[in-house]
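K.L.:
Sharing a structure, written as structure tokens. Questions coming.
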Amino acid sequence: MRIQGMLGAPASLLALTVPAMAADRAAIVDTYADIAQAGYEDSLVLARDLQLAIDTLIAAPSQDTLDAARAAWRKARDPYMQTEVFRFGNPVVDDWEGKVNAWPLDEGLIDYVDASYFGAEENAQAQLNVIANPTFTLSGETVDATTITPALLSDVLQEAGENEANVATGYHAIEFLLWGQDLVSDAPGAGNRPWTDYAQGAGCTGGNCDRRAEYLKVATDLLVSDLAWMTAQWAEGGAARTAVSASADAGIAAILTGMGNLSYGEMAGQRVKLGLILNDPEEEHDCFSDNTPQSHYFDLKGVENVYLGRYTRTDGTEISGPSLKDALAEADGALAQTLADEIGQSLAAADALRTLASEGKSYDMLLQVGNAEGETAINAVVDALVTQSRSIERASTALGLAGVVVEGDETLEGTGEVFQ
Amino acid sequence: MTRTLRFPAAALALLCAAPPLARADAGDLRDLHLPLLPRTAAEAARIAAVTAPARDFSAPERFEAKPAGAATVRARPTADAFSDPSANIGLEGRMTFNLGNGLFTKAWVSAPSSTKASDGLGPLFNARACQLCHLKDGRGLPPATPDEDAIGLFLRLSVPGGPAPETALIPDWIATNPDPVYGGQLQNFSLAGIPAEGRMRIETTEIPLTFPDGEAIILHAPSYALADPGYGMPAPDLMLSPRVAQQMIGLGLLEAIPAAEILAHADPDDADGDGVSGRANIVVSARYGAPMLGRFGHKAGQPTIEEQSAGAFSGDMGLSTPLHPSGHGDCTADQSACIVAETGADPSDGLEVSQANLDLVTFYARNLGVPERRGAGDPEVLRGKEVFYSAGCISCHVPKYVTGRMEGKVAQSFQLIWPYTDLLLHDMGEGLADHRPEGRATGAEWRTAPLWGIGLTAQVSGRESYLHDGRATSLIEAVMWHGGEAQAARDAVYHLPKEDRDALVRFLGSL
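Chain order of the listed sequences is A and B. No gaps in the numbering here: position 335 of the first sequence is 335 in our numbering, and each next residue is one more. No gaps in the numbering here: position 261 of the second sequence is 1261 in our numbering, and each next residue is one more.
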């Protein structure tokens, strides 16, 4: 079976191919948008908690306030990861996502790094260390960074030199500033930045503690404003909600597109399998904090949320409504249950990584060459995701969306969209 | 330029039975890399009709807005516009694509290291990662200032003459060899303890140019030299060729055009007397061991994406693959510290980049999507398109093709594509000449650059920069550099009224 990418499928095409269905597809898309809105709003609320914790850290640096800020960051990741399923099917999300979750990064752009760190010397920005350098040269231009501003981070430093590794904003930049580099990958333990990196005056370690605090503050404020913007896009009348609701069938296609691409290419491929191919502890999504198993788990939880039309908010309340599973159950009841079970198996496999981490076997250790237990545990996630992706493909066919989610030379025939 | 089909498909089919390494007269080039099915007569007629040059410029042509057919992607308004996978490769294809992307963006490190599978960089290299030159999967940039290190631009090196096995196989092959000390290209970075080869020194002269209507622009004319040579003086007859990293979009579709249909545009002796020739580069494939049509690189020196990728792994990053098995990359015997340095070869296959990983990167490079056109129906764009046709640009920047129909479900199969290139070599005049032959390409010839996506250059790479060394900072500047076979087309544009000149640039910007 061939599948085609599904972004921007024309509504006219769908009208030709979709059989009438009893399940109210518009209501399913509404549930989906409601979950998106709630998920981004929860992310925003917890990012504001993180902002408060970071303000406290900066005002009164100590091990306690640093620990509290780290805990707030971890909590803030949980709802955000559940929104990743809204990528791939929604252009509004795709064009925005890099600002908040770009990865991996050349952290030497931001702050000091270990002397053995191999930031690419020909990535002129990999050793830029903006925290230590109030003025610097970028592509032949002198940049005045005496004051660290949102514009400096998002317009000048983010992807400086058009290099994707130059990540200056978002969760991972903040993560680096809270944890520092994780230099240990053969034993438990995340990055170990001392709280004194934020001590002002004589106790300052790492140099430039005032500018480090300023950078952390600005990066956190930007995260909050970016999440506020995205929450608004999913509110009634917002651009993302309007776009996905324009056609119920295109909306269903967007849901399947996000589920399929996140499960297969993004999670199973780039985030999980690649690390095994390279046996590289750097290939760990939340590499400074060693939060990776948790973020993987909630990423996959997001897939389940949109499939079941049910999301448990961070305050415990539940959003639920007509679901994709309902529609699929009408078309193919066995497949609807199979897909639910398979998503559950993926979650169980990701949960097993959390269990290993709690036993002191952190994700970077699992990626080590010759760690058979790690390879088995990580491969179990890949295999479960691949299985679930196949069922997502079948679901798209069962729902009459073959021309959109599943490759459709035949379906495209005669539509006038492309030469056949 | 002639449209006569000089190498009909039937003749090619007969020649398929020829033994490998038969002398490659330009007619017997086979698409050894494609599982091609023969065109049916009905298909050939449809293709001829749909690829005929446009005559009506009052509205866009059917399918024109999707330059890569079913592989076309949404035109993102961000720097990610060249980074989406082709739309028709499916979920499984996207998985492979993402793994390839991971390798494409991966920064390689020196051996030995704890990251066993991603070590082996160098000892000499131009960059640690593919994406450091192919910025956001787009064009590389020349240094912005004279003291900035060159990364997205490097120098190819060679000396004239010497033994060349190809001369017996390929007509009009111009024998050259790598510099005996510096090898085939200048690597301006090296691992600790190993001298770098030197720096590229660029001196730029500004040449004012005034159009008949009074508008003035500046052309930037760079000259190149090897500065601070790390291994003594290079050969006295050393030839340098500056090369900027190319954009990555649509490569699999260019690879899927049947060679016969590219050769149909060739007119090596300018038999039709229009001043435009079009010659095929022909190279011996490292994969297939036989002469093949050169398609990739600024002088079409590589026949397939796999071979282009393997060449870049070896030459640009010093990483071995099955096609270039030396872990020392472009080191020569005279570079003693380099040739004895530790490599990152894996004990299982003796390679730094396995065939499996080369396959991932090749798949990735084959499947970067071409964004849909912006404003194809805009009246000024359509006017610019008419200017593009009437000035003769399409003699080389051939607008459209239908890729070969292939066995199996291949995403590149039978797509109507609009790359605006003939993939052939043309004499571009003294102003652009590097005076360094490559294969059959003379020191004045370059392969016609595909124009799809060119309007997104600044959005993707960060600033406008065109031509083989990135010297042109605007599209009109790039057009004005055209000489040689393109002189007449360039002169036609030069004499256009300003509004037509602007319309032409607007059309190019919509590609």
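Note that beta-carbon positions come from the ideal geometry of N, C-alpha and C, so glycine has one too.
Might you give, ordered along the chain, the residues of its own chain that have their beta carbon closer than 7 Å to the beta carbon of B:A1079, omitting 5 neighbours on each side?
P.N.:
If you number the second sequence from 1, residue 1079 of chain B lands on position 79. The residues are K1136, Q1459, V1460.
K.L.:
So B:I1249 and B:G1369 are in contact, right, with Cβ under 8 Å, and what is the actual spacing, rounded?
P.N.:
Here residue 1249 of chain B corresponds to residue number 249 of the second sequence, with the count starting at 1. Here residue 1369 of chain B corresponds to residue number 369 of the second sequence, with the count starting at 1. In this structure B:I1249 touches B:G1369 by the C-beta definition: roughly 7 Å separates them, less than 8 Å.
K.L.:
Taking C-beta pairs closer than 9 Å, name the residues in chain C that B:V1050 reaches, listed in chain order.
P.N.:
The question asks about chain C, but that chain is absent: this structure's protein chains are A and B.
K.L.:
Can you pull the DSSP bridge partners for B:R1447?
P.N.:
The sequence position of residue 1447 of chain B within the second sequence is 447, counting from 1. DSSP output for B:R1447 lists B:L1425 as bridge partner(s).
K.L.:
Are the stretch 1361-1368 of chain B and the stretch 1215-1224 of chain B touching by the rule of at least three beta carbon pairs closer than 8 Å?
P.N.:
no
K.L.:
In three-state terms, what does DSSP make of A:G260?
P.N.:
By one-based count along the first sequence, residue 260 of chain A stands at place 260. Residue state, collapsed to three classes: helix.
K.L.:
Should B:S1058 go down as buried or exposed, given a rule of 16 or more other Cβ atoms within 10 Å for buried?
P.N.:
Walking along the second sequence from the start, residue 1058 of chain B turns up at place 58. Its Cβ having fewer than 16 others within 10 Å, B:S1058 is exposed.
K.L.:
For the stretch 1075-1101 of chain B, which residues have a CB atom closer than 9 Å to at least one CB atom of chain A, in sequence order?
P.N.:
Those residues of the stretch 1075-1101 of chain B that come within reach of chain A (Cβ to Cβ, closer than 9 Å) are R1076, P1077, T1078, A1079, D1080, S1083, D1084, P1085, S1086, A1087, N1088, I1089, G1090, L1091, E1092, G1093, R1094, M1095, T1096, F1097, N1098, L1099, N1101.
K.L.:
Which word fits B:P1242, buried or exposed, when buried means at least 16 other C-beta atoms lie within 10 angstroms of its C-beta?
P.N.:
Here residue 1242 of chain B corresponds to residue number 242 of the second sequence, with the count starting at 1. Buried.
K.L.:
Report buried or exposed for A:I54, applying the criterion of at least 16 other Cβ atoms within 10 angstroms of its Cβ.
P.N.:
On the first sequence, position 54 is the one that residue 54 of chain A refers to. With 16 or more Cβ atoms within 10 Å of its Cβ, A:I54 is classed as buried.
K.L.:
Hey, how far is the Cα of B:L1425 from the Cα of B:D1031?
P.N.:
Taking the second sequence and counting its residues from 1, one reaches residue 1425 of chain B at position 425. Taking the second sequence and counting its residues from 1, one reaches residue 1031 of chain B at position 31. B:L1425 and B:D1031 have their alpha carbons spaced roughly 19 Å apart.
K.L.:
Between the Cα of A:D383 and those of A:G238, A:S346, A:T169, A:E162, spot the shortest distance and give me the residue it belongs to.
P.N.:
What you label residue 383 of chain A is simply residue 383 of the first sequence in a count that begins at 1. It is A:S346 whose Cα lies nearest to the Cα of A:D383.
K.L.:
Which residue spans inside the stretch 353-385 of chain A form an unbroken alpha helix (DSSP H) run of at least 4?
P.N.:
Entirely contained in the stretch 353-385 of chain A, the alpha helix (DSSP H) runs reaching 4 residues are, in chain order, 363-366.
K.L.:
Rounded to the nearest angstrom, how far is the Cβ of A:Y171 from that of A:Y307, given a contact under 8 Å?
P.N.:
Position 171 of the first sequence holds residue 171 of chain A. Position 307 of the first sequence holds residue 307 of chain A. With 8 Å as the limit, A:Y171 and A:Y307 do not qualify as a contact, their Cβ atoms being about 25 Å apart.
K.L.:
Quick one, which of A:P91, A:K361, A:A76 has its alpha-carbon nearest A:E175's?
P.N.:
Here residue 175 of chain A corresponds to residue number 175 of the first sequence, with the count starting at 1. Taking A:E175 as reference, the option from A:P91, A:K361, A:A76 with the minimal CA-CA separation is A:A76.
K.L.:
Do you know offhand how far A:A268's Cα is from B:I1089's?
P.N.:
Position 268 of the first sequence, counting from 1, holds the residue named residue 268 of chain A. Position 89 of the second sequence, counting from 1, holds the residue named residue 1089 of chain B. Roughly 17 Å separates the two Cα atoms.
K.L.:
Looking only at C-alpha atoms, which of B:L1124, B:M1233, B:Y1420 sits nearest to B:L1254?
P.N.:
Translated into positions along the second sequence, residue 1254 of chain B becomes position 254. When only C-alpha atoms are compared, the closest one is B:Y1420.
K.L.:
Taking Cβ to Cβ, would you say B:N1281 is nearer than 8 Å to B:G1301?
P.N.:
For the purposes of this step, residue 1281 of chain B is taken as the residue at position 281 of the second sequence. For the purposes of this step, residue 1301 of chain B is taken as the residue at position 301 of the second sequence. Yes, these two residues count as a Cβ contact at 8 Å.
K.L.:
How long is the line joining the alpha carbons of A:V92 and A:W234, rounded to whole angstroms?
P.N.:
Taking the first sequence and counting its residues from 1, the one referred to as residue 92 of chain A is at position 92. Taking the first sequence and counting its residues from 1, the one referred to as residue 234 of chain A is at position 234. Spanning the two alpha carbons is a distance of roughly 10 Å.
K.L.:
Taking 8 Å as the CB-CB cut-off, is B:G1327 touching chain A?
P.N.:
One-based indexing of the second sequence puts residue 1327 of chain B at position 327. Taking Cβ atoms only, chain A never reaches closer than 8 Å to B:G1327, which makes this a no.
K.L.:
So which residues on chain A does B:E1148 lean against when the C-beta distance must stay under 9 Å?
P.N.:
As a first step, residue 1148 of chain B is located in the second sequence; it is residue number 148 there, counting from the start. Simply A124, T137, S139, G140.
K.L.:
Pull up the CB-CB distance for B:L1099 and B:W1108, whole angstroms please, since I reckon it's below 8 Å.
P.N.:
Start at 1 with the first residue of the second sequence, and residue 1099 of chain B comes out as number 99. Start at 1 with the first residue of the second sequence, and residue 1108 of chain B comes out as number 108. That pair is no contact at about 16 Å.
K.L.:
Could you tell me the distance, in whole angstroms, from the CA atom of A:D332 to the CA atom of A:N379?
P.N.:
Translated into positions along the first sequence, residue 332 of chain A becomes position 332. Translated into positions along the first sequence, residue 379 of chain A becomes position 379. Computed Cα separation, rounded: 29 Å.
K.L.:
Can you look up B:Y1364 in the DSSP assignment and give me helix, strand or coil?
P.N.:
As a first step, residue 1364 of chain B must be located in the second sequence, where it is residue number 364. DSSP places B:Y1364 in helix when its eight states are reduced to three.
K.L.:
Three-state secondary structure (DSSP) at A:V272?
P.N.:
Residue mapping note: residue 272 of chain A aligns to position 272 of the first sequence, counting from 1. It is helical.
K.L.:
Hey, could you find the ends of the beta strand (DSSP E) B:R1156 is sitting in?
P.N.:
Here residue 1156 of chain B corresponds to residue number 156 of the second sequence, with the count starting at 1. Per DSSP, B:R1156 belongs to the beta strand (DSSP E) from 1153-1160.
K.L.:
Run through DSSP, which three-state label would A:Y198 get?
P.N.:
The residue given as residue 198 of chain A occupies position 198 in the first sequence. Under the three-state reduction of DSSP output, A:Y198 falls in the helix class.
K.L.:
Just confirm the distance between the C-beta atoms of B:F1313 and B:H1324, as a whole number of angstroms; I'd bet it's less than 8 Å.
P.N.:
The sequence position of residue 1313 of chain B within the second sequence is 313, counting from 1. The sequence position of residue 1324 of chain B within the second sequence is 324, counting from 1. Indeed, because the Cβ distance is near 7 Å, the residues count as touching under 8 Å.
K.L.:
Do you know offhand how far A:G108's Cα is from A:Q181's?
P.N.:
Indexing the first sequence from 1 puts residue 108 of chain A at position 108. Indexing the first sequence from 1 puts residue 181 of chain A at position 181. Approximately 10 Å, taken between the alpha carbons.
K.L.:
Which value, in whole angstroms, describes the spacing of the CA atoms of A:D186 and A:S362?
P.N.:
By 1-based counting over the first sequence, the position of residue 186 of chain A is 186. By 1-based counting over the first sequence, the position of residue 362 of chain A is 362. Going from the Cα of A:D186 to the Cα of A:S362 covers about 9 Å.
K.L.:
Whole angstroms are fine: how far does the CA of B:T1304 sit from the CA of B:R1295?
P.N.:
Position 295 of the second sequence holds residue 1295 of chain B. Position 304 of the second sequence holds residue 1304 of chain B. Approximately 7 Å between the Cα atoms of the pair.
K.L.:
Which residues in chain B sit within 8 Å of A:E164, going by Cβ to Cβ distance?
P.N.:
Your numbering for residue 164 of chain A matches position 164 in the first sequence. In chain order: T1105, Q1131, K1136.
K.L.:
Report the neighbours of A:N261 on chain B: residues whose CB is nearer than 8 Å to its CB, in chain order.
P.N.:
Looking up residue 261 of chain A in the first sequence gives position 261. Those within 8 Å of A:N261 in chain B are L1091, R1094.
K.L.:
Cutting at 8 Å between CB atoms, please list the residues of its own chain near B:G1408, excluding the five before and the five after it.
P.N.:
Translated into the one-based positions of the second sequence, residue 1408 of chain B becomes position 408. Correct list, in chain order: P1035.
K.L.:
I'd like to check one pair, A:G238 with A:Y32: are the Cβ atoms closer than 8 Å?
P.N.:
Reading the first sequence from its first residue, position 32 is the one you call residue 32 of chain A. Reading the first sequence from its first residue, position 238 is the one you call residue 238 of chain A. No, they are not a contact pair.
K.L.:
Can you grab the Cα-Cα spacing for the pair A:E410 / A:V224, in whole Å?
P.N.:
Working through the first sequence from its first residue, we reach residue 410 of chain A at position 410. Working through the first sequence from its first residue, we reach residue 224 of chain A at position 224. Unreliable positioning characterises A:E410 in this predicted model, as indicated by a pLDDT of 29, which lies under 50. A coordinate reading is not provided.
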